[in-house]
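Enquirer: For what it's worth, the numbering used here labels the leading residue of the sequence shown as 1, then goes sequentially. Just so you know, even glycine gets a beta-carbon here, dropped at the ideal spot from N, CA and C. Please see the structure below; I have some questions.
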Amino acid sequence: MSNVVLGVTGSIAAYRAADLARELMRGGCTVRVCLTPSAEKFVTRVLFESLTGQPCLVWAFDEPEAGRMAHIDWARQADLLVIAPATANILNKLAAGVADDMLSTIALAYTGPMLVAPAMNPAMLANDTTQESLRRLVARGVEIVQPAEGEVACGEHGQGKLASVSEIASAALALIGWTRSLRGRRVLITSGPTREPIDSVRFLSNRSSGKMGAALAKAALWMGAEVTVVTGPTSVPPPLGASVVKVETAQEMLAAASEEAPAADLILAVAAVADYRVAEPSRGKIRRTAEDLLLRLVPNPDVVAELGRIAKPGAVLVGFAAEPTDDLAVAREKLERKGLHFIAANDVSRPGIGFESDENELVLIGRQGPPERSGTLSKIACARWLLERVARALPG
Ligand code: PMT
1 MSNVVLGVTG SIAAYRAADL ARELMRGGCT VRVCLTPSAE KFVTRVLFES LTGQPCLVWA
61 FDEPEAGRMA HIDWARQADL LVIAPATANI LNKLAAGVAD DMLSTIALAY TGPMLVAPAM
121 NPAMLANDTT QESLRRLVAR GVEIVQPAEG EVACGEHGQG KLASVSEIAS AALALIGWTR
181 SLRGRRVLIT SGPTREPIDS VRFLSNRSSG KMGAALAKAA LWMGAEVTVV TGPTSVPPPL
241 GASVVKVETA QEMLAAASEE APAADLILAV AAVADYRVAE PSRGKIRRTA EDLLLRLVPN
301 PDVVAELGRI AKPGAVLVGF AAEPTDDLAV AREKLERKGL HFIAANDVSR PGIGFESDEN
361 ELVLIGRQGP PERSGTLSKI ACARWLLERV ARALPG
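What follows is the structure, encoded as structure tokens:
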């Protein structure tokens, strides 16, 4: 049974933490709640103690078991720390490492997966400091369940409403029970788009955000792997703990990944690599004229196929196939042509999954056996689903 510490902070949405605690318990977790003193203005310790059957902490010196230093004890025993609702105050404290109440002190002593679900006034969420704190937390591997848009308690309209309890609970449950099945393995991930220059200011590219690559990197780290990400330009940084090599073009991606590939046990090619580049990019800026402009494109190297040629014996090679269809024939053809062990088909014609979205759905095709379908999952849950399956193909 997994131990979850649920931190509740001083938002009017604090009452919804009671349903969240229940939902996590239904998911098989033991839930212990820590309220901030401001949260206790909205909800009571007795509510959570009755609901969870566990002690509830509020004050920095609360000691349900004498002499055990509750902040260290709870941090050590937790498999997951969830803070929902999370106010701007707690986000900024977490980012800065401030520990001035029981919850922030537990958070500072805690080293495992963490999820925060912000809820606040839209202007407080948009504030530069809050946004900077969120970026810092994401870079440290903290999972954020974004607040929804709508009318918030103060009557304003905008983004700031606590996400739904089921959304927070399923994101939380995806973060627990991780096996260390990639311990001692080296994982190489190509991620994001490539940019192929047209002139000094323009390029050919695509809609890959790097979210799927970052999720795979995070999942591989949590499963114990040493992770290198070779990434094209993205707005989503790979997680802290992964080595990151930043590239722009397909040729640069091939050069950087080729340095790492011979040592990798598992190669995950999630990058959306441009198949063509401009034969002769212009220096400076192409000027507009009344004439048509023709660009001659030449094929780029097939990065993952080249990596397969230099990978060590026993290494497992996984490609992705972004296709505007759920027909698996093209993905199967890519599996063969590129010499892959697996290919994850990604139907990018469906709204809400694939490029740029927070969720994905994959069909994993191997060399043997029927294809397996992940169902629609958050990208981190999808990454875990995929890694658990391909890890079984690694030699013992
Ligand atoms: O980044 P996100 O916004 O989170 O979106 C995720 C995603 C949709 C980009 C991802 O899930 C995905 O499907 N990635 C593969 C994208 C793709 O362009 O696939 P493809 O069918 O063109 O290529 C097939 C495989 O060959 C891929 O593993 C690709 O990395 C690789 N390839 C392709 C061309 C090339 N020149 N070199 C390659 O290595």
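Using the Cβ count rule (16 or more neighbours within 10 Å means buried), how would you classify residue 293?
Expert: exposed
Enquirer: Would the beta-carbon of residue 52 be found less than 8 angstroms away from any heavy atom of the ligand PMT?
Expert: no
Enquirer: Considering only residues of the region 203 to 231, which uninterrupted alpha helix (DSSP H) runs meet the minimum length of 4 residues and lie entirely inside it, listed in chain order?
Expert: 211 to 222
Enquirer: Shorter than 8 angstroms, the distance from the beta carbon of residue 321 to the closest heavy atom of the ligand PMT, or not?
Expert: yes
Enquirer: Does residue 226 come within less than 9 angstroms of chain B when only Cβ atoms are used?
Expert: The chain labelled as chain B is not found in the depicted structure, where only one protein chain is given.
Enquirer: Spell out a yes or no on whether the region 129 to 141 and the region 220 to 240 are touching, meaning 3 or more CB-CB pairs, one atom from each, closer than 8 angstroms.
Expert: yes
Enquirer: Along the chain, where does the alpha helix (DSSP H) containing residue 7 start, and where does it finish?
Expert: Element bounds for residue 7: not the alpha helix (DSSP H) but the beta strand (DSSP E), 2 to 8.
Enquirer: Indicate whether residue 125 and residue 155 have their beta-carbon atoms separated by less than 9 angstroms.
Expert: no
Enquirer: What runs of the alpha helix (DSSP H), each 4 residues or longer, lie entirely inside the region 246 to 321?
Expert: 250 to 260, 303 to 310
Enquirer: Measuring straight from C-alpha to C-alpha, what distance separates residue 72 and residue 176?
Expert: 20 angstroms
Enquirer: Return the bridge partner residues of residue 360 from the DSSP annotation.
Expert: Answer is 377, bridged to residue 360.
Enquirer: Can you tell me the Cβ-Cβ gap for residue 308 and residue 271, rounded? I've got them flagged as a contact below 8 angstroms.
Expert: That pair is no contact at about 15 angstroms.
Enquirer: By the DSSP assignment, the alpha helix (DSSP H) with residue 73 in it spans what residues?
Expert: Start and end: 70 to 77.
Enquirer: Rounding to the nearest angstrom, what Cα-Cα distance links residue 251 and residue 297 in this structure?
Expert: 14 angstroms
Enquirer: Just the C-alpha distance for residue 425 and residue 146, rounded to the nearest angstrom, thanks.
Expert: The chain is shown from 1 up to 396; residue 425 falls before or after that span and cannot be answered.
Enquirer: Under 8 angstroms from any heavy atom of the ligand PMT, does the C-beta of residue 130 make it?
Expert: no
Enquirer: Measuring straight from C-alpha to C-alpha, what distance separates residue 182 and residue 11?
Expert: For residue 182 and residue 11, the gap between their C-alpha atoms comes out near 39 angstroms.
Enquirer: Go to residue 120, then tell me how far its alpha helix (DSSP H) extends in each direction, as first and last residue.
Expert: No alpha helix (DSSP H) holds residue 120; DSSP gives it neither H nor E.
Enquirer: Please identify the residue among 127, 86, 140 whose C-alpha is closest to the C-alpha of residue 110.
Expert: 140
Enquirer: For a minimum of 4 consecutive residues, which ranges assigned as the alpha helix (DSSP H) are wholly contained in the region 118 to 192?
Expert: 122 to 126, 128 to 139, 165 to 173
Enquirer: Exposed or buried, residue 208, counting other C-beta atoms within 10 Å across all chains shown (16 or more means buried)?
Expert: buried
Enquirer: So, for residue 347: in the same chain, excluding its five sequence neighbours on each side, which residues have a beta-carbon less than 6 angstroms away from its beta-carbon?
Expert: Within the same chain, Cβ atoms closer than 6 angstroms to the Cβ of residue 347 are found at 326, the five residues on either side in sequence being excluded.
Enquirer: Report the option in 172, 116, 61, 88 whose CA atom is closest to the CA atom of residue 105.
Expert: 61
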